[in-house]
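Asks: For the sequence shown, full-length UniProt numbering begins at 1 and goes up steadily by one.
For every residue, glycine included, the Cβ atom is placed at its ideal position computed from N, Cα and C.
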Amino acid sequence: MQDEILQEQILIETEGECVGQINALSVIEFPGHPRAFGEPSRISCVVHIGDGEFIDVERKAELGGNIHAKGMLIMQAFLMSELELEQQLPFTASLTFEQSYSEVDGDSASMAELCALISALANVPINQSIAITGSVDQFGRVQPVGGLNEKIEGFFTICQPAWFNRQQGVIIPAATFVISA
């Protein structure tokens with residue numbers, strides 16, 4: 001898949017800004033393959049006037065696993081709690097992993113999904129030279145996730161010299177770092 005990204009068959013932007021779109025850090029594992037590897041995933045969100053529905057495209061297409069669905073529900077609960085609306089949400093939001101055709105599972109993209117959703121709602125662009133990972137709880141706290149080495153290596157692999165402008169970086173949960181005495 002990294003070759004497809006480098007050949008621009010799978011679109012991952014590493015420069016500029018975009019509303020409702022973010023680069024998430026992912027770990028890919030193949031059954032029987034001894035090593036997992038990381039790669040970025042482009043998550044996008046669009047919002048429009050609606051009845052408050054959050055559309056999880058992966059789940060509707062039967063490509064989203066149970067842990068991913070749980071992460072989406074927790075992210076939605078946090079947002080609804082923060083908005084403190086007295087009535088139903090006046091919008092519908094659709095979130096998806098773009099150009100992803102296999103099962104998505106885990107909650108480590110829930111922070112990225114929340115950022116894409118807030119960006120779409122506020123019409124504020126996200127810096128595409130940054131990739132993010134992290135699980136979010138119902139109180140908006142970012143929780144640690146696994147596979148950080150693979151995720152970081154995967155993002156910087158696609159930031160080849162032709163694209164690398166020394167502006168690219170990653171955002172990872174601070175709670176991931178444990179300081180031992």
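Return the chain-ordered list of same chain residues with a C-beta closer than 6 angstroms to the C-beta of A36, the five sequence neighbours on each side being excluded.
Replies: Cβ neighbours of A36 beyond the five flanking positions: V27, E29, E150.
Asks: Starting from V56, follow its DSSP beta bridges and name the residues at the other end.
Replies: Reading off the sequence shown, one finds Asp at residue 56, where the question assumed Val. Answer is L95.
Asks: Look at the alpha carbon of V142 and the alpha carbon of G52, and state the distance between them as a whole number of angstroms.
Replies: One C-alpha to the other measures close to 24 angstroms.
Asks: Can A131 and P34 be called in contact, C-beta distance under 7 angstroms?
Replies: No, they are not a contact pair.
Asks: Does the beta-carbon distance from residue 193 to F91 come in below 7 angstroms?
Replies: Since the first and last residues shown for the chain are 1 and 181, residue 193 lies out of range.
Asks: Going by C-alpha to C-alpha distance, which of P173, S135, N127 sits closest to E17?
Replies: It is N127 whose Cα lies nearest to the Cα of E17.
Asks: Considering only residues of the same chain and omitting the five flanking positions on each side of S102, which have a CB-CB separation below 8 angstroms?
Replies: So the qualifying residues of the chain are L63.
Asks: Below 8 angstroms on the Cβ atoms is my guess for G65 versus S135; work out the distance and round it to an integer in Å.
Replies: About 14 angstroms; that fails the 8 angstroms criterion.
Asks: Could you work out which residue in M75, L85, T133, S108 is closest to L117 when comparing CA atoms only?
Replies: Ranking M75, L85, T133, S108 by Cα distance to L117 puts M75 first.
Asks: Taking the continuous alpha helix (DSSP H) assigned at I74, which residues delimit it?
Replies: Segment 66-83, the alpha helix (DSSP H) holding I74.
Asks: Would you mind reading off the limits of the beta strand (DSSP E) that contains F37?
Replies: It spans 37-49 - the beta strand (DSSP E) in which F37 sits, taken as one unbroken run.
Asks: My assumption, with CB atoms under 8 angstroms, is that T133 sits in contact with I172. Please give the rounded CB distance.
Replies: So it is a contact: roughly 6 angstroms between Cβ atoms.
Asks: Using DSSP's beta-bridge definition, name the partner residues of residue 243.
Replies: Outside the modelled stretch of the chain, which goes from 1 to 181, sits residue 243, for which no answer is possible.
Asks: Around the C-beta of R42, are 16 or more other C-beta atoms found within 10 angstroms, so that it is buried, or is it exposed?
Replies: Buried, by the Cβ-count rule.
Asks: Count the other C-beta atoms from every protein chain shown that fall within 10 angstroms of the C-beta of I22, then say buried if there are 16 or more, exposed otherwise.
Replies: Classification of I22: buried, given that the 10 Å Cβ count is 16 or more.
Asks: Closest to C115 by CA distance: which of A93, V104, S100 is it?
Replies: If we check each option's Cα against that of C115, A93 comes out closest.
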